[in-house]
Amino acid sequence: MAQTAAKFVQDGKTIDYTPAAAVLAGAVVNVGTVPMIAPVAIAAGEKGTLVAEGVWDIPKTSDTFAAGDSVFWNSAGTSVDGNTGAADSATGNLMGVAVYCDDYADETYTAATAAAKFVRVRVHSIKRTATSVADDPLSTTAITGSDSSLGITGIAGSAGNGGAVAVAGGAGDTGLGGAVTVTGGAGSGANAGGAVSVTGGAGGAGGAGGAASIAGGVPASGNAAGGAASVIGGAGSGSAAGGAVAVTSGAGGATGAGGAVAITGGAGGATSGTGGDVAITGGAGTNNANGGTVSITGGAKNGSGANGAVNIGADKACTVTIGYASGKLILVGIPTDDPLNAGEVWANNNVLTLSEGN
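For the sequence shown, position 98 (counting from the first letter as 1) is numbered 1021 according to my numbering, and the numbering increases by one without interruption.
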């Protein structure tokens, strides 16, 4: 079947436009998300013309512009002279690029200053949709998803590794480096807030899964401390509990062991530094409430297997201290008969005794 022929309508420099409300001469009009300009006034309900190109002096906010900067039309922005609707450096719909700008103070053509009332713009009425920015890096103040999911994915490898995705705060100049925050979306009404997941990539047929690391930053030089890494459950509201923090290793394969969980203090410096402490502490109670319990429990057995052991200082020649000066030490599950297992504790008429074995 033959293709249906296209019909020429206009050259595209102008378009026909019939406004619901009157439009003043020189007004910027958003056609969808594309700003155009009315060269002459258009009465309400009457067909008129909008211009889609050309070089125009556009009223602006107090933003500054240099030649080549992107210019956006912010229909809710406040112009330097106090009116609504103004060119903006970041907010609104893309309308063109700044050219050499008359600062309207001394009639010199320079960058548009904060006090300048207008910015000179080469209008090009297009809608920018970024599909690839490899050769034109995208600089923006915000990225917002337009559907139920906003995905950022490294490029798939064809014969090698997949592409990495890096999110990095900006380097400080005379101030702090920029923070990076990953926050789940706020819940509405009785609905929970959105979860945040950091997950290593799935391994190939015979390859390990990708690691997930949270590490404090390393100082560049000098005697500065490394950056802290914190995992903190969210604060509860009213009488509700605070959010739990769970560190859980991965489940084993069909016949494989579950993944280990290791909490290890940092190694001391290369010459004489002490190793880092590891502290596991229940939360402090307030207003006569109990402090939080600390539980260390071996994993539950399955079927005829044994429950997981709990080892404290088992492979080190070290001092192990258990108890608290004004607290209680309660031992449960102590056998009352000699277990005949050398070194095992048993209650010999309420006296703790080490078995001598067989």
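Every residue, glycine too, gets a C-beta built ideally from N, C-alpha and C.
Any idea which residues DSSP pairs K983 with across the strands?
K983 is bridged to A1010.
Once DSSP output is grouped into helix, strand and coil, what is the label at N1264?
N1264: coil per DSSP, three-state reduction.
Taking the beta carbon of D1011 as the centre, do at least 16 other beta carbons fall within 10 Å, making it buried, or is it exposed?
Counting Cβ neighbours within 10 Å, D1011 comes out buried, since at least 16 surround it.
Tell me, to the nearest whole angstrom, how far the beta carbon of G1156 is from that of G1165; I am working on the premise that it is less than 8 angstroms.
Yes, they are in contact, since the Cβ atoms of G1156 and G1165 sit about 5 angstroms apart, within 8 angstroms.
On the DSSP bridge list, what partners appear for N1016?
For N1016, which the question treats as bridged, DSSP gives the partners W996.
Counting only runs of 3+ residues fully inside the segment 1204-1280, write out the beta strand (DSSP E) ranges in chain order.
You should have 1268-1271 and 1274-1277.
Per DSSP, what kind of secondary structure is L973 in: helix, strand or coil?
Strand, per DSSP.
Given 8 angstroms as the limit, is there contact between the segment 1234-1246 and the segment 1193-1204, that is, 3 or more CB pairs closer than that?
Flag = no, the segment 1234-1246 and the segment 1193-1204 do not touch.
Provide the residue span of the beta strand (DSSP E) that contains M959, from first to last.
Segment V957 to I960, the beta strand (DSSP E) holding M959.
Is it buried or exposed, M924, if we count other Cβ atoms within 10 angstroms and call 16 or more buried?
Exposed, by the Cβ-count rule.
Do K1224 and G1214 come within 9 angstroms of each other at the CB atom, strictly closer than that value?
No, they are not a contact pair.
State the beta-bridge partners of A1065 as determined by DSSP.
Its beta-bridge partners do not exist; DSSP assigns none.
Please report how far the alpha carbon of V1168 lies from the alpha carbon of V1044, in whole angstroms.
Approximately 53 angstroms, taken between the alpha carbons.
Give the C-beta separation of N1315 and N1016 to the nearest angstrom, bearing in mind that I take them to be a contact with Cβ-Cβ under 8 angstroms.
As displayed, the chain neither begins before 924 nor continues past 1281, which places residue 1315 out of reach and without an answer.
Note down, in chain order, each residue of its chain lying with its Cβ closer than 7 angstroms to the Cβ of T1001, except the 5 sequence neighbours on either side.
Contacts found: T984, T1007 and A1009.
For the structure I just gave you, are there three or more beta carbon pairs, one from the segment 956-964 and one from the segment 939-947, closer than 8 angstroms?
Counting Cβ pairs under 8 angstroms, three or more are found: they touch.
Mind reading off the beta-carbon distance from V932 to W979? Whole number of angstroms is fine, and I expect it under 8 angstroms.
That pair is no contact at about 24 angstroms.
To the nearest angstrom, how far is it from the Cα of G1098 to the Cα of G1189?
So the alpha carbons of these two residues sit roughly 28 angstroms apart.
With distances taken Cα to Cα, identify the nearest neighbour of A1283 among G1117, G1205 and A1135.
No answer is possible for residue 1283: it lies beyond the span of the chain, which begins at 924 and ends at 1281.
Where does A1138 sit, in a helix, a strand or coil, going by DSSP?
Here A1138 sits in coil by DSSP.
Answer with buried or exposed for S1111, where buried requires no fewer than 16 other C-beta atoms within 10 angstroms of its C-beta.
By the 10 Å Cβ count, S1111 comes out exposed.
Please report the straight-line C-alpha distance between T1106 and V1121, rounded to a whole angstrom.
Spanning the two alpha carbons is a distance of roughly 12 angstroms.
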